[in-house]
């Protein structure tokens with residue numbers, strides 16, 4: 101299945117009145133993410149959080165970056181889908197231009213990007229940006 | 184457990200009113216604070232003691248030739264006396280102020296690294312918090328001693344047969360927790376101390392989780408060191424205690440050097456001071472020591488049998504509801520448990536559980552609880568841990584399980 105666009109996600113989420121509906125939606129986004137092959141769960145691909153782990157694999161084709169991502173936690177997997185909506189199959193410069201903080205604020209999810217959250221999401225975004233930056237230079 | 188009897192003996196609502204933070208709300212819902220194994224909340228009298236110290240008599244202790252210094256020193260040393268009485272130390276010289284349990288254990292481990300030799304053994308358990316594991320692992324690395332780890336059983340109890348077998352004439356030091364922070368298992372401390380003493384080993388008890396739940400009489404327990412923190416005992420963070428048997432402590436290598444810990448100093452050498460000062464280099468954490476003294480005073484004034492009965496009712500109720508909860512597995516089912524319900528849900532990672540409970544105003548901890556090897560031993564990446572203190576109520580235990588139903592619905 102194809103990911104919705106960031107704008108679609110922002111619009112979808114604005115329809116929900118309560119937090120339960122919002123998180124149900126995010127968890128479902130995570131369920132729709134293509135599964136990552138277990139064999140890719142290697143230490144090099146691991147972004148370790150103190151509470152949950154994130155794995156990220158990246159490849160380049162035609163100047164665009166393609167990601168496979170996974171997490172052992174449902175909500176983090178959903179948040180990865182939210183991030184991937186913005187990053188998947190984009191050019192490095194598009195990735196670097198994208199304002200993740202504002203996007204997460206629009207979704208009222210900014211607390212998940214806060215440095216106090218040990219969920220690996222912030223570190224994962226930083227890693228994607230570093231990769232994009234390296235490819236771009 | 185008769186709720187009526189508890190109410191007569193122990194008024195939990197009256198206790199709660201002394202903790203201002205407990206009336207807080209999280210996203211419009213009443214805070215249900217079940218992360219007491221991480222840190223406990225503070226009663227108003229402890230908060231007042233801190234404010235009062237800085238408001239009326241802040242000064243450096245043991246030094247100044249003025250009134251404030253006298254008053255500060257008196258309060259600070261009175262707090263030490265309070266601790267000494269509380270754990271039934273033979274003398275106030277046995278009570279060393281530290282920054283917390285971790286520093287207390289480090290003081291002993293750093294000294295041990297100088298005393299241990301190749302061929303010596305240090306015995307710890309599979310249920311250690313990292314503070315009582317990495318410290319000994321490193322002391323062994325530095326000294327050439329061997330770290331031996333006593334196994335636990337599936338239910339999270341120490342394997343006592345193995346413990347007895349692993350003790351031998353090479354065992355120089357034995358370290359174990361009074362209560363496991365991740366599982367709540369209460370260890371038979373007195374029995375373990377006796378066995379360790381029979382082979383002439385030093386014994387350190389990590390009391391971080393024991394001190395707020397179990398009566399502690401260090402002379403009766405028979406250990407050489409007992410380490411604990413103020414903040415898990417309704418006191419401030421950044422302060423803790425190392426209790427050490429005077430005959431052992433007096434011979435133990437000093438760790439930090441500097442002011443306050445010396446008797447005389449020349450440019451060439453220094454003579455260490457007497458206990459307890461020789462382990463307290465530099466200006467101490469005066470305010471928090473006084474705050475911890477106040478916390479212990481407050482705690483000691485409670486009806487302890489009633490407190491323990493109340494806490495037993497909490498853990499029993501939590502365990503009953505957990506056992507009846509479909510798709511939940513309790514991690515750590517020791518017969519003697521206190522304060523902690525660790526669990527995993529079939530649906531959902533502990534991080535999901537913690538987050539979705541937080542959205543409902545319920546504070547728990549998730550993860551490996553600074554006990555990574557223990558989680559590995561139990562075959563889980565981590566757990567969700569609800570931990571109770573004397574101010575928690577049976578209604579709050581009920582609220583946890585109501586909220587968990589919602590978590591399961593969201594994740595299922």
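Protein chains in written order, with our numbering: chain A, 101 to 237; chain B, 184 to 595.
Just so it is clear, CB atoms sit at the ideal spot from N, CA and C, and this is done for glycine as well.
N- and C-terminal bounds of the alpha helix (DSSP H) containing residue i
| i | result |
| --- | --- |
| residue 592/B | 577-594 |
| residue 541/B | 533-541 |
| residue 471/B | 469-483 |
| residue 66/A | Because residue 66/A is not part of the residues shown, which for chain A are 101 to 237, the question remains open. |
| residue 242/B | Unbroken run through residue 242/B: none, as it is neither H nor E. |
| residue 380/B | 372-381 |
| residue 343/B | 343-349 |
| residue 181/A | 174-187 |
Delimiting residues of the beta strand (DSSP E) encompassing residue i
| i | result |
| --- | --- |
| residue 360/B | 354-360 |
| residue 166/A | 164-171 |
| residue 306/B | 304-308 |
| residue 153/A | 153-161 |
| residue 280/B | 278-281 |
| residue 235/B | First-last for residue 235/B: 227-235, but that is the alpha helix (DSSP H), not the beta strand (DSSP E). |
| residue 130/A | Run containing residue 130/A: none in the beta strand (DSSP E); it sits in the alpha helix (DSSP H), 119-132. |
| residue 570/B | 566-570 |
| residue 148/A | 146-148 |
| residue 433/B | Unbroken run through residue 433/B: none, as it is neither H nor E. |
Residue i in three-state terms, based on DSSP
| i | result |
| --- | --- |
| residue 202/B | coil |
| residue 526/B | strand |
| residue 445/B | strand |
| residue 209/B | strand |
| residue 333/B | strand |
| residue 559/B | helix |
| residue 408/B | strand |
| residue 426/B | strand |
| residue 104/A | coil |
| residue 218/B | strand |
| residue 391/B | coil |
| residue 152/B | In the structure as shown, chain B begins at 184 and stops at 595. Residue 152/B is therefore absent and cannot be evaluated. |
| residue 549/B | strand |
| residue 511/B | strand |
| residue 273/B | coil |
| residue 185/B | Any reading at residue 185/B is ruled out, since the residue's pLDDT is 43, under 50, leaving its predicted position unreliable. |
| residue 193/B | coil |
| residue 300/B | coil |
| residue 500/B | helix |
| residue 399/B | coil |
| residue 368/B | strand |
Whole-number beta carbon distance between residue j and residue i, since they are thought to touch under 8 Å
| i | j | result |
| --- | --- | --- |
| residue 549/B | residue 567/B | 5 Å |
| residue 174/A | residue 113/A | Not quite, the Cβ-Cβ distance comes to about 17 Å (not below 8 Å), so this is no contact. |
| residue 220/A | residue 178/A | Not confirmed; about 14 Å, so no contact. |
| residue 525/B | residue 515/B | 5 Å |
Among the options, the one whose alpha carbon lies nearest that of residue i
| i | options | result |
| --- | --- | --- |
| residue 194/B | 380/B, 492/B, 277/B | 492/B |
| residue 167/A | 200/A, 183/A, 152/A | 183/A |
| residue 153/A | 142/A, 163/A, 162/A | 142/A |
| residue 366/B | 416/B, 555/B, 245/B, 582/B | 555/B |
| residue 581/B | 508/B, 501/B, 562/B, 239/B | 501/B |
| residue 298/B | 282/B, 339/B, 384/B | 384/B |
| residue 285/B | 413/B, 433/B, 230/B | 413/B |
| residue 222/A | 237/A, 148/A, 208/A | 148/A |
| residue 201/A | 108/A, 189/A, 121/A, 215/A | 215/A |
| residue 278/B | 527/B, 472/B, 498/B | 472/B |
| residue 497/B | 537/B, 421/B, 428/B, 578/B | 578/B |
| residue 281/B | 420/B, 405/B, 381/B | 420/B |
| residue 337/B | 575/B, 591/B, 517/B | 517/B |
| residue 103/A | 226/A, 206/A, 180/A, 224/A | 180/A |
| residue 541/B | 200/B, 201/B, 218/B | 218/B |
| residue 295/B | 544/B, 329/B, 494/B | 329/B |
| residue 553/B | 316/B, 268/B, 588/B, 196/B | 316/B |
| residue 520/B | 458/B, 318/B, 363/B, 314/B | 363/B |
| residue 534/B | 109/A, 151/A, 134/A, 139/A | 151/A |
| residue 108/A | 206/A, 230/A, 213/A, 118/A | 206/A |
| residue 169/A | 204/A, 146/A, 210/A | 146/A |
| residue 372/B | 404/B, 342/B, 380/B, 392/B | 404/B |
| residue 314/B | 543/B, 254/B, 283/B | 283/B |
| residue 594/B | 267/B, 266/B, 402/B, 529/B | 529/B |
Exercise. Do the stretch 205-215 of chain B and the stretch 189-197 of chain A make contact, defined as three or more Cβ pairs closer than 8 Å?
Worked result: no
Exercise. So does the stretch 243-251 of chain B actually touch the stretch 343-356 of chain B, counting three or more Cβ pairs closer than 8 Å?
Worked result: no
Exercise. Are at least three pairs of beta-carbons, each pair with one atom in the stretch 428-447 of chain B and one in the stretch 223-237 of chain B, less than 8 Å apart?
Worked result: no
Exercise. Pairing CB atoms from the stretch 450-459 of chain B with CB atoms from the stretch 391-410 of chain B, are three or more of them under 8 Å?
Worked result: no
Problem set entry | Segment contact flag, the stretch 457-466 of chain B with the stretch 436-445 of chain B, C-beta cutoff 8 Å, min 3 pairs | yes
Problem set entry | Cβ pair count under 8 Å reaching 3, the stretch 315-330 of chain B against the stretch 363-382 of chain B | no
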